[in-house]
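Note sheet for the following structure.
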Amino acid sequence: MYVHREPWKKLDKYRGKEFKGEWPTIPELFTIIAGEFPDNRCFSIYEPDNLFFTYSQAFKSIEDVSSYLAGKGVKRGVKVALTGKNSPEWTIAYLSILFAGGTVVPIDYQLKSEEITELFEFSDAEIFFIDSEKYDEIKPANGRIFKLSLSAEKPEYILNINKGKGSKGKVEKPLVDDLAAILYTSGTTGNQKGVMLTHKNLVSDCFLSQGHMELFSTDVFYALLPLHHSYTMLAVFIEALSVGAEIVFAKKLVVSQILKDLKQGKVTMFLAIPMLFNKMLKALMSGVKEKGIVLYGIIRALMYVSGFIKKTTGINPGKKMFGFLLKKLSLETNRICICGGGPLPASTFSMFNQLGIDFVQGYGLTETSPIVALNPIEHYKEASVGAVVPGADMKIFDPDDEGSGEIYIKGPMVMQGYYKNQEATKAAFTEDGWFKSGDVGYLDDENYLYLTGRKKSLIVTEGGKNVFPEEIEDHFQLDDEIEQVLVRGYVLDEKMKTEGIEVLIYPNEEALKKVFEKSGEKETLESTRKVFGRIVDRVNREVLPYKRISKLTILDEPMEMTTTKKIKRHKLSADN
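Residue numbers (my numbering): 4 to 579.
Here's what the structure looks like:
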């Protein structure tokens with residue numbers, strides 16, 4: 004039985020001095036760490052230009068910006084929005100908002116400008132930190148906006164604020180139960196829900212998840228995935244700050260640049276999604292295969308032996324044995340790889356561990372801050388998404404004969420609710436306070452969680468993005484040629500556990516007939532497919548890249564519907 008650590012006990016010496024109660028706020032935590040590790044490197048970026056901050060330098064910038072924000076009216080309860088690529092400026096803006104007592108509203112910079120504007124207005128914010136790409140495009144209809152720039156190319160640049168003549172104000176410190184952030188879940192603007200997380204939610208999850216993973220002030224984290232996502236925000240940004248570690252920021256999701264950053268930054272903690280880890284492993288093993296089948300066979304056999312020794316004895320021979328391979332992936336300085344944000348095949352998990360990398364996966368949701376399960380490197384299980392973290396309670400509701408059921412969660416990391424959406428908040432919880440995850444799984448006798456499926460129709464792509472079918476289906480509503488449409492996930496690769504997006508169409512024969520009469524083309528299976536193929540191409544241009552359809556199925560029979568004219572998704576088989 005695995006016995007977890009208790010890293011939160013290191014807070015005891017500061018309790019009553021730097022903070023009161025069980026958990027500090029994020030500003031209180033950063034103040035403690037900046038005082039303990041003032042000269043440690045805090046934020047680093049190598050592209051396009053080198054920019055570095057020590058903890059003391061970052062603290063000074065945050066003090067300046069938070070004072071400026073206070074002078075602009077930011078205090079407890081005031082929302083300030085933030086959108087942009089990963090950068091030191093992004094994190095300084097985030098922390099400055101919290102230091103001023105405000106609530107930060109991070110918004111996905113990949114959304115269209117009008118969608119970003121709608122979320123800004125919905126959040127009731129009036130101040131907006133914006134990257135150079137969208138700076139000129141964000142123009143709320145109500146005109147209520149004060150822009151600050153995350154880029155030196157635009158006016159009101161965040162790092163020049165203390166050099167300006169703007170008014171400074173006295174900051175109002177937040178309380179631990181105040182809202183720290185409102186995080187929007189994946190989806191189009193109309194369907195997005197703002198998850199409300201307090202300082203207690205985020206800080207407690209940060210330390211409780213460390214019960215399954217030891218972190219050090221000498222660690223270097225790599226912020227590759229967008230910081231507005233709860234996974235990167237907590238597991239990279241806040242976790243690193245909690246121990247005085249360094250964060251290296253990535254500017255683009257390009258393998259050549261990633262390998263360069265990993266090497267240049269001497270990264271020890273690499274967090275990414277299944278798609279990237281699968282690509283890296285596939286490229287590595289393909290390179291070995293090119294050297295000859297005999298060498299490939301020898302290396303695979305040695306990997307198996309290495310993995311067996313690591314799993315059974317705790318001794319890790321792989322790092323020395325396969326150092327020449329790890330160097331090709333720029334992982335020679337790496338200590339731990341963590342995979343989250345989507346389904347991962349057990350073979351990928353196993354092969355990274357065989358190569359000598361401590362490779363683990365975890366599980367969580369934006370609504371749980373997000374981590375609720377994490378595989379300890381000392382006692383990992385390839386098929387599991389991890390052991391339930393200390394402080395979290397988990398139960399399986401209405402389990403089937405094999406023990407699988409919906410995963411219910413309680414704990415200090417569970418959200419306060421959805422912003423301005425009482426109906427959705429009520430639906431997300433049971434009457435006795437359990438959060439309903441919507442995911443299906445089971446627990447073993449050591450409290451390790453195994454996912455077996457997803458409730459309802461949510462599609463999780465290989466890149467870890469949540470896609471709701473209704474968002475894509477809306478784009479087909481004005482096409483006369485379509486009588487019924489349904490979007491769902493389908494298995495791209497059973498072994499790699501990757502999902503694609505499929506659209507099922509039942510044609511409107513009358514409208515389709517008119518199309519062929521107008522074009523003079525004969526109605527055949529091939530010509531019909533071309534008509535709907537053009538519609539799918541149009542929809543794919545309208546949606547974000549990760550929501551694009553990769554499979555088209557034309558049905559001969561209509562799909563079964565309810566009395567309220569909704570398609571019964573659960574009645575469809577994989578062959579339909």
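The C-beta atom is built at its ideal place from N, Cα and C for all residues, glycine as well.
| Query | Result |
| --- | --- |
| Neighbour-count burial assignment, residue 139, 16 or more Cβ in a 10 Å radius | exposed |
| Whole-angstrom distance between residue 80 and residue 106, CA atom to CA atom | 6 Å |
| Runs of alpha helix (DSSP H) wholly within the region 108 to 159 (minimum 4 residues, chain order) | 116 to 125, 135 to 138 |
| Contact under 7 Å by Cβ, residue 110 with residue 122 | yes |
| Member of 172, 52, 562, 494 whose CA lies at the smallest distance from the CA of residue 464 | 494 |
| Residue from 84, 92, 130, 116 with nearest C-alpha to residue 74 | 130 |
| Outcome for residue 69 when other beta-carbon atoms lying within 10 angstroms are tallied against a minimum of 16 | buried |
| Separation of residue 27 from residue 19, as counted between CA atoms | 10 Å |
| Residue 24 beta carbon less than 7 Å from that of residue 199 | no |
| Endpoints, the beta strand (DSSP E) within which residue 354 is located | Taken as a continuous stretch (DSSP letters only), residue 354 belongs to no beta strand (DSSP E), being part of the alpha helix (DSSP H) at 349 to 357. |
| Secondary structure of residue 20, DSSP reduced to three states | coil |
| Separation of residue 438 from residue 630, as counted between CA atoms | The structure shown does not extend to residue 630, since the chain spans only 4 to 579, so no value can be given for it. |
| Limits of the unbroken beta strand (DSSP E) element including residue 199 | 197 to 201 |
| Short Cβ contact (7 Å threshold) for residue 116 with residue 134 | no |
| Straight-line gap, residue 265 to residue 255 (C-alpha atoms, nearest Å) | 13 Å |
| DSSP-derived helix/strand/coil call for residue 311 | helix |
| Any non-hydrogen atom of the ligand ADP closer than 6 Å to residue 400 Cβ | Ligands in the displayed structure: none, and consequently the ligand ADP is not present. |
| Reduced DSSP category for residue 226 - H, G, I as helix; E, B as strand; rest coil | strand |
| Inter-residue Cα distance where the pair is residue 12 and residue 91 | 29 Å |
| Where the beta strand (DSSP E) containing residue 554 begins and where it ends | 554 to 557 |
| Residue burial classification, residue 89 (beta-carbon count within 10 angstroms, cutoff 16) | buried |
| Under 7 Å between C-beta atoms of residue 104 and residue 82 | no |
| Same chain only: Cβ atoms within 7 Å of residue 574, ignoring 5 sequence neighbours per side | 563 |
| Through-space distance from residue 504 to residue 496, alpha-carbon basis | 13 Å |
| C-beta atoms of residue 406 and residue 445 nearer than 7 Å | yes |
| Whole-angstrom distance between residue 519 and residue 370, CA atom to CA atom | 49 Å |
| Residues sharing a beta bridge with residue 510, DSSP | 485 |
| Helix, strand or coil at residue 363 [DSSP, three-state] | strand |
| Stretch-stretch touch, CB-based, cutoff 8 Å, three pairs: the region 239 to 246 with the region 310 to 318 | no |
| Residue 435 versus 452, 59, 414, residue with shortest Cα-Cα distance | 414 |
| Beta-carbon proximity of residue 357 to residue 309, cut-off 7 Å | yes |
| Beta-carbon proximity of residue 47 to residue 40, cut-off 7 Å | no |
| Boundaries (first-last residue) of the beta strand (DSSP E) holding residue 220 | Premise fails: residue 220 is in no beta strand (DSSP E) and is neither H nor E. |
| Cross-strand partners of residue 44 (DSSP beta bridge) | 57 |
| CA nearest to the CA of residue 128, picked from 149, 112, 453, 114 | 149 |
| Inter-residue spacing [alpha-carbon to alpha-carbon] between residue 473 and residue 427 | 17 Å |
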